[in-house]
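So for the sequence shown, the numbering used here puts the first residue at 258; every next one is plus one. Built from N, CA and C at the ideal position, the CB exists for glycine as well.
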Amino acid sequence: MNLNINCITGHNDHLYKRIQQSIHTASSIDIIVSFLMESGVKLIQKDLEIIKNKNIPIRILTGNYLNITQPSALYLIKDILGDNVDLRFYNDTKRSFHAKAYIFEKENEGEIFIGSSNLSRSALTSGIEWNYRIDKKANHDDFKYFKDVFEDLFHNESIIVNDIELEKYSKTWKKPKIYANINNDKEDINYVYEENNKVTSIFEPREAQIEALYELKKTRLDGNDKGLVVAATGIGKTYLAAFDSREFNRVLFVAHREEILKQAYDSFKNVRTDKCINDIEVYDKVADNIENSLPSNTYNEDGYNMGFFMNSIKDNDKDIIFASVQSLGKKEYLNEKYFSKDYFDYIVVDEFYHAVSKNYQNIINYFEPKFMLGLTATPDRLDNKDVFSVCNYNTVYEATLKTAIDKGFLVPFRYYGIYDDSIDYNDVEYKNGKYNDKELEKALSINNRANLILNHYKKYKSSRALGFCTSKSHAEFMAKYFNENGIPSCAVYSGSDGAYNEERSIALNKLRKEEINVIFSVDMFNEGLDVKSIDMVMFLRPTESPTIFLQQLGRGLRKDKNKKYLNVLDFIGNYKKANLVPYLLTGESKTKESSLKSYLQEEDYPEDCIIDFDFRLRDIFERMRKESQKIEDMIKEEFYNIKRDLGHRPSRLELFTYMDDDLYNNIKKKAKINPFRDYISFLEKLNELNEYEKIITDTIAYDFIKFIENTSMSKTYKLPVLLAFYNNSNMKLKVDDEDLYKSFKDFYSKGSNKVDMLKDKSTSKFETWEKKQYVNLARKNPIHFLCKSSSEFFYLDGDYVCLNEELGKYLDNESFIKNIKDAIDFRTKEYYKNRFKNK
258 MNLNINCITG HNDHLYKRIQ QSIHTASSID IIVSFLMESG VKLIQKDLEI
308 IKNKNIPIRI LTGNYLNITQ PSALYLIKDI LGDNVDLRFY NDTKRSFHAK
358 AYIFEKENEG EIFIGSSNLS RSALTSGIEW NYRIDKKANH DDFKYFKDVF
408 EDLFHNESII VNDIELEKYS KTWKKPKIYA NINNDKEDIN YVYEENNKVT
458 SIFEPREAQI EALYELKKTR LDGNDKGLVV AATGIGKTYL AAFDSREFNR
508 VLFVAHREEI LKQAYDSFKN VRTDKCINDI EVYDKVADNI ENSLPSNTYN
558 EDGYNMGFFM NSIKDNDKDI IFASVQSLGK KEYLNEKYFS KDYFDYIVVD
608 EFYHAVSKNY QNIINYFEPK FMLGLTATPD RLDNKDVFSV CNYNTVYEAT
658 LKTAIDKGFL VPFRYYGIYD DSIDYNDVEY KNGKYNDKEL EKALSINNRA
708 NLILNHYKKY KSSRALGFCT SKSHAEFMAK YFNENGIPSC AVYSGSDGAY
758 NEERSIALNK LRKEEINVIF SVDMFNEGLD VKSIDMVMFL RPTESPTIFL
808 QQLGRGLRKD KNKKYLNVLD FIGNYKKANL VPYLLTGESK TKESSLKSYL
858 QEEDYPEDCI IDFDFRLRDI FERMRKESQK IEDMIKEEFY NIKRDLGHRP
908 SRLELFTYMD DDLYNNIKKK AKINPFRDYI SFLEKLNELN EYEKIITDTI
958 AYDFIKFIEN TSMSKTYKLP VLLAFYNNSN MKLKVDDEDL YKSFKDFYSK
1008 GSNKVDMLKD KSTSKFETWE KKQYVNLARK NPIHFLCKSS SEFFYLDGDY
1058 VCLNEELGKY LDNESFIKNI KDAIDFRTKE YYKNRFKNK
């Protein structure tokens, strides 16, 4: 390359080499390009890091027209440069924006590269792009003219891309048709050639991962110690966790399937090269379905800083450990003998919708990491348990199925809702929100229905299909029927007692090679395994769970060579909750409350997807919508469902945590029917009070509990005051400054409570506070108002804050004390849930 020539044509010379030299010597940099691409930012990433380290200011003006500029490129620039960059969008919608120039200045010197190159890898390194260099000294007037126009555009025709603007752009961004098929087969890695021409794989974040990493870093800076990432299958959540873990030394990765742990190990091995990890060859020889324990003597630890905690392997001295929840969740392992509470700096909980289960809760409640990351594609559980509460309602980043398809991360689908009148579901016993397993299996396993399925399978054609069945017997029946009709098929489920049953990894290999065309599965492909070549999924059982529906749909949405879309065959009859299906296909979380809409429009569904329901199904959906249950009966049914699941009468907090989201949204502003505003009366109507609770009804003790349930809260300041009186279940009637100080300090040292204090200017430096400042906050705000507006309960006596002495009669009533704590815990969770909903 001749650096004395000012012309750059992209023939034998490319712009990147020229601007790279200028970047390293400039004292200020201005860039104006019509669009920014992730590939271009990654190309100059090391150069940008030099700019950051030298504290060189850089201004970038780019366009957002037609969504060509990728959000991930903007996130990456802001993440690398931080406060050093002033990033803006051109904001005049009446004029096109095609400028491309790179301006470098130092002291009295300067140069502009102006021409056709946007900030993308191809434009800077391989494409035919014509650019011209203007030297400031040799062409002073031209240089000044371009610079003056840049200044005018930058200051007068732009908007600042701050975090709010960037999040807004990302949420509305859809992959433009102009490059809808570019890089479809791109892997997670790039390759660089070393001096000896050895190719080394470099794993780096991409697309949604970049956006999520930026938000995760930001949430930790805000003081949060927990966060949830909701991302559809195919985005690469495990790699995301590995990238995010890089600033932490000791990491725990928890999952409930061992094959997920093996996949996670491979991902972390590729990213966490700082741990000098070798390959655990013995795992590569084990089939995907790891059911047998690995003998400890086959596990070579030399040189490893990563280990496993499952079956017979119980590593407890590694930097990164992959643990099965079934093993680690046992109380016998959650103690100082195996791990100290603060052993791990960073904990990842995969498939986070399981996190409300007992063993997961044991792990989450035992360890005290610096940060806990929850990962899930589907936060909505079948049993309605509130997954968001486990992370203090801190959803850091969300890329739903709709978002993932709109942005081109997954292939679109063609959904066919097929009317199935071969079964009358009214004849199948339905109890406590569930069909009777045996009766359902019998009803589904009939030739008439199997023939309906076979005919539609042939109509829409498939090389590799998954069919989701209700039971082992149902899967065997379907595999037998398809084989007898010339479609090579097998059944996959736990155990090996069926004529058509294949072990999962063997079945998958046969499917890839097209030795079989269909796998009929029972809960074996719902999560943790993505088969790119699947081109059809068939729903052969009633849809009862949003989680399972979206998981099964996601099995076939991974991009693959020559795969343009996924065919989805759903056989729908008059089963309960059938009317949910149109809303589930929007690919949004239930938190979006889409199910409250009466009718859906085309724009509610993911881009380029086809939704085709038999007209008879539309009649069924409409009839179900109109046959809505009375809300009081729904609350009662929900209470008993949760009681059955828990095995005991739910507390306020448990009912609140596990209640269906839509039901809660319906009742929260209706005081007369809201059980949380008078839980004791609610229990009394259901004849659920214990003997000690009956004693306090219609007393001041009951009134005090009801006060806690209903007191207004714009902040959480009242809660530590109440906790000071509660005194770790040793209830007392008066508290002094020392009690208040300890309670406030303890309360605001935790999670979301801490974040609230940090975000308020008046309390943002509370971590440096002494006792006096905590006490001033307590007395100035909550105590002053409590004594004024609730004087029937609170009063001052010298330096003491006191409760009405009449409450002293009930201090020996254990149920009274438990109800106080339960009401406080409920109000804490309610406060954060409502704040989360109102974001």
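Could you check the C-alpha separation between residue i and residue j for me, to the nearest Å?
i       : j       : result
Lys659  : Glu859  : 12 Å
Glu674  : Cys747  : This sequence places Gly at residue 674; Glu is not what is there. Going from the Cα of Gly674 to the Cα of Cys747 covers about 24 Å.
Val749  : Ser971  : 53 Å
Lys393  : Ile371  : 13 Å
Tyr650  : Tyr1089 : 6 Å
Glu461  : Phe500  : 8 Å
Arg507  : Val290  : 42 Å
Asn683  : Thr727  : 17 Å
Arg275  : Thr350  : 32 Å
Glu1027 : Thr1020 : 12 Å
Asn616  : Asp576  : 22 Å
Tyr556  : Ser569  : Low confidence applies to Tyr556: its pLDDT is 38, below 50, so where it sits in the model is not reliable, and the reading given next is rough at best. Tyr556 and Ser569: Cα-Cα distance of roughly 10 Å.
Ala489  : Pro803  : 13 Å
Asn766  : Leu630  : 33 Å
Ala356  : Thr319  : 9 Å
Asn1061 : Glu468  : 53 Å
Asp1101 : Ser597  : The shown model of the chain, from 258 to 1096, leaves out residue 1101, and the question about it has no answer.
Tyr757  : His513  : 27 Å
Asp287  : Ala395  : 20 Å
Asn1038 : Glu1049 : 18 Å
Met735  : Ile776  : 10 Å
Ser581  : Leu723  : 27 Å
Asn922  : Phe913  : 11 Å
Lys942  : Glu1071 : 21 Å
Evaluate residue i with the Cβ neighbour count: other Cβ atoms within 10 Å of its Cβ, from every protein chain shown; 16 or more gives buried, anything less gives exposed.
i       : result
His1098 : Not covered by the structure: residue 1098. The range shown for the chain is 258 to 1096.
Ala1080 : buried
Glu366  : exposed
Glu889  : exposed
Trp387  : exposed
Arg798  : buried
Gly564  : buried
Gln808  : buried
Cys264  : exposed
Lys455  : Residue confidence is low: Lys455 scores 42 on pLDDT, short of 50, so the model does not pin down where it sits. No coordinate-derived value is stated.
Thr843  : buried
Leu478  : exposed
Ile892  : buried
Glu759  : buried
Ser986  : exposed
Rounded C-beta distance between residue i and residue j? I'm assuming under 8 Å.
i      : j      : result
Asn341 : Ile315 : 6 Å
Ile710 : Phe828 : 6 Å
How is the beta strand (DSSP E) around residue i delimited, first residue to last?
i       : result
Glu366  : 366 to 372
Arg909  : Segment 909 to 915 is the alpha helix (DSSP H) holding Arg909; no beta strand (DSSP E) there.
Arg901  : That residue, Arg901, is in no beta strand (DSSP E); its alpha helix (DSSP H) goes 888 to 903.
Tyr359  : 358 to 363
Glu655  : 652 to 656
Gly484  : 483 to 488
Ala1008 : Before going on, a small fix: residue 1008 reads as Gly here, not Ala. That residue, Gly1008, is in no beta strand (DSSP E); its alpha helix (DSSP H) goes 1008 to 1016.
Ile829  : 823 to 829
Ala722  : 722 to 725
Between which two residues does the alpha helix (DSSP H) containing residue i stretch?
i      : result
Ser200 : Since the first residue shown for the chain is 258 and the last is 1096, residue 200 is missing from the structure and cannot be characterised.
Phe237 : Beyond the ends of the chain as shown, which are 258 and 1096, falls residue 237; an answer cannot be given.
Leu400 : The sequence given here has Phe at residue 400, not Leu. Start and end: 397 to 413.
Arg477 : 464 to 478
Thr429 : 420 to 429
Phe964 : 957 to 967
Thr633 : Here Thr633 belongs to no alpha helix (DSSP H); instead the beta strand (DSSP E) covers 628 to 633.
Is residue i close to the ligand ADP? I mean its beta-carbon at under 6 Å from any heavy atom of the ligand.
i      : result
His355 : This structure simply doesn't include the ligand ADP, nor any ligand for that matter.
So, does the stretch 941 to 951 touch the stretch 1004 to 1022, judging by three or more C-beta pairs under 8 Å? no
Are three or more beta carbon pairs between the stretch 515 to 527 and the stretch 480 to 496 nearer than 8 Å? yes
Count the CB pairs spanning the stretch 403 to 419 and the stretch 333 to 349 that are closer than 8 Å, and state whether there are at least three. yes
Three Cβ pairs or more, each shorter than 8 Å: is that satisfied between the stretch 353 to 366 and the stretch 328 to 341? no
Could you check whether the stretch 694 to 707 touches the stretch 808 to 822, counting it as contact only if at least three pairs of C-beta atoms, one from each stretch, sit closer than 8 Å? no
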